[in-house]
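S.K.: Handing you this structure, nothing more for now.
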Amino acid sequence: MNFSTLLGFIGALAVFLHSVLTSTSNRGVFLNEHGIIIVMGGTLTAGAICFPLFRMFKLALMAFKKMLFGQQIDYRATIKQMVEMADKVRTDPNFLKKEVGVIRQPFLKESISLVNDGFPEDQIREILETRIATHKSRNNNETKIFQTMAKFPPAFGLLGTTLGMIALLQELGTEDAVKKIGPAMAIGLVATMYGITLSNFVFIPIAENLAEKNREDTTLRKIILEGVLMLKSRMHPLLIEEKLNSYLLPSERISLRGGGSGDSGRKAA
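Our numbering applies: residue 24 is where the sequence shown begins, and numbers increase by one.
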């Protein structure tokens with residue numbers, strides 16, 4: 024489980040509840056049915072117009088699963104694995120055919136399978152680059168849905184506030200109108216609060232989280248692509264190490280010279 028994401032959601036909820044519970048003694052004003060229906064209902068219906076409703080619910084479940092339970096990507100462990108495979112291929116030309124059955128990383132397994140099938144290097148590169156682009160595009164579409172949904176709550180919150188102000192202005196000429204202004208404005212602004220909260224505590228963080236995971240996944244696939252092509256060419260392990268280390272910052276790079284290695288951390292995602 025990704026405890027950082029979980030703690031982030033818990034922290035956001037705690038900040039919101041603390042702000043609500045300590046801002047006024049009349050906490051019931053925040054449970055305004057008018058604002059909840061306009062913001063929540065408006066966001067849901069607008070989203071249903073933009074995207075298929077079943078897709079939004081399915082994507083929401085997938086997003087939470089990916090954020091909370093997705094394996095964290097470790098570039099160093101992947102590079103170390105590929106360098107070790109290159110070293111073993113030098114002594115056993117059939118090593119990759121025996122190794123493909125135990126590889127856990129799906130894209131690495133696909134890539135090694137293409138090498139074992141005997142495809143030329145240029146065709147392997149073309150196939151894998153297409154798959155990387157397709158996967159990146161699909162993930163970007165998921166991110167875009169949450170980015171789009173983030174635009175709706177503040178707008179509907181403003182709509183709720185506007186409707187509340189219209190109702191307030193209609194009462195200005197009535198008896199005790201002055202006494203009604205404060206409570207009415209407070210209720211009207213609750214809708215804006217709901218809109219800002221839903222957008223900035225839910226949709227935008229989810230979109231940014233998915234975008235970051237997409238960038239990390241794309242980088243990992245590029246590392247695997249280059250590594251597999253060098254494995255096919257039977258390049259020296261040290262050359263493969265240096266080439267793949269180019270995707271990392273100097274402080275993150277591994278070194279297997281002399282049989283030693285940097286801390287590879289977690290197993291490759």
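Positions of the beta carbon are idealized from the N, C-alpha and C atoms, including for glycine.
What you are looking at is a predicted structure, and each value in this text was computed from that prediction instead of being measured.
1. Whole angstroms are fine: how far does the CA of K103 sit from the CA of N268?
2. L221 and V62 look like a contact to me (Cβ under 8 Å); what is the Cβ gap, rounded to whole Å?
3. Run the CB neighbour count on A230, radius 10 Å, all protein chains shown included, and call it buried at 16 or more, exposed below.
4. Which full runs of the alpha helix (DSSP H) of 4+ residues lie inside the region 196–283, going along the chain?
5. Apply the 10 Å Cβ neighbour rule to P273 and answer buried if 16 or more other Cβ atoms are within range, or exposed otherwise.
6. Take the Cβ of R244 as the centre, count every other Cβ of all protein chains shown within 10 Å, and call the residue buried at 16 or more, exposed below.
7. Considering only the beta carbon of each residue, do V201 and V52 sit closer than 8 Å?
8. How long is the line joining the alpha carbons of H41 and N55, rounded to whole angstroms?
9. Nearest by alpha-carbon distance to I210: which of H57, L29, V38 is it?
10. Exposed or buried, R161, counting other C-beta atoms within 10 Å across all chains shown (16 or more means buried)?
11. What is the DSSP secondary structure of I47, counted as helix, strand or coil?
12. What did DSSP end up calling P143 once you bin it into helix, strand or coil?
13. Would the region 133–144 and the region 245–256 be scored as touching if the rule is three or more Cβ pairs under 8 Å?
14. Does Q95 come out as helix, strand or coil in the three-state DSSP assignment?
15. Within the chosen definition, does the region 68–78 reach the region 144–157 through at least 3 CB pairs nearer than 8 Å?
16. Leaving out five residues on either side along the sequence, give the residues of the same chain with a beta carbon under 6 Å from the beta carbon of A207.
17. Kindly give me the distance between the Cβ atoms of G65 and F175, rounded to whole angstroms, as I take these residues to be in contact under 8 Å.
18. Is it the case that the Cβ atoms of A109 and I263 are separated by a distance below 8 Å?
19. Are N237 and K159 close, meaning C-beta to C-beta below 8 Å?
20. Determine the extent of the alpha helix (DSSP H) in which M188 is found, giving its start and end residues.
21. Taking DSSP as the reference, what is the three-state secondary structure of P116?
22. So, is E165 buried or exposed, given that buried needs 16 or more other C-beta atoms within 10 angstroms?
M.R.: Straight from the coordinates:
1. Looking up residue 268 in the sequence shown gives position 245. Looking up residue 103 in the sequence shown gives position 80. CA-to-CA, the gap between N268 and K103 works out to about 10 Å.
2. For this step, residue 221 is matched to residue 198 along the sequence shown. For this step, residue 62 is matched to residue 39 along the sequence shown. So it is a contact: roughly 6 Å between Cβ atoms.
3. Within the sequence shown, the letter at position 207 stands for residue 230. Burial call: buried.
4. 200–221, 227–255, 260–268
5. In the sequence shown, counting from the first residue as 1, residue 273 sits at position 250. With fewer than 16 Cβ atoms within 10 Å of its Cβ, P273 is classed as exposed.
6. Taking the sequence shown and counting its residues from 1, the one referred to as residue 244 is at position 221. Buried, by the Cβ-count rule.
7. If you number the sequence shown from 1, residue 201 lands on position 178. If you number the sequence shown from 1, residue 52 lands on position 29. Not a contact, by the Cβ cut-off of 8 Å.
8. Here residue 41 refers to the residue found at position 18 of the sequence shown. Here residue 55 refers to the residue found at position 32 of the sequence shown. Using only the alpha carbons, I get a separation of about 18 Å.
9. Along the sequence shown, one-based indexing puts residue 210 at 187. The residue with the shortest Cα to Cα distance from I210 is H57.
10. Residue 161 sits at position 138 when you count from the first residue of the sequence shown. Exposed, since its Cβ has fewer than 16 Cβ neighbours within 10 Å.
11. The residue you call residue 47 lines up with position 24 of the sequence shown. The amino acid occupying residue 47 in the given sequence is Thr; Ile does not appear at that position. DSSP places T47 in coil when its eight states are reduced to three.
12. Here the question's residue 143 lines up with position 120 in the sequence shown. P143: coil per DSSP, three-state reduction.
13. yes
14. Numbered from its first residue, the sequence shown carries residue 95 at position 72. Looking at Q95 - three-state DSSP - the assignment turns out to be coil, as it is neither helix nor strand.
15. no
16. If you number the sequence shown from 1, residue 207 lands on position 184. Result list for A207: L191, in chain order.
17. Residue numbering aside, residue 65 sits at position 42 when the sequence shown is read from its first letter. Residue numbering aside, residue 175 sits at position 152 when the sequence shown is read from its first letter. At roughly 7 Å, the Cβ-Cβ gap stays under 8 Å, so G65 and F175 are in contact.
18. The sequence position of residue 109 within the sequence shown is 86, counting from 1. The sequence position of residue 263 within the sequence shown is 240, counting from 1. Yes, the Cβ-Cβ distance between A109 and I263 is below 8 Å.
19. Counting from 1 along the sequence shown, the entry for residue 237 is found at position 214. Counting from 1 along the sequence shown, the entry for residue 159 is found at position 136. Going by C-beta atoms, N237 is nearer than 8 Å to K159.
20. Counted from its first residue, the sequence shown places residue 188 at position 165. Counting along the chain, the alpha helix (DSSP H) containing M188 begins and ends at 175–193.
21. To locate residue 116, count along the sequence shown from 1; it is residue 93. Here P116 sits in coil by DSSP.
22. Locating residue 165 in the sequence shown gives position 142, where the first residue counts as 1. Buried, by the Cβ-count rule.
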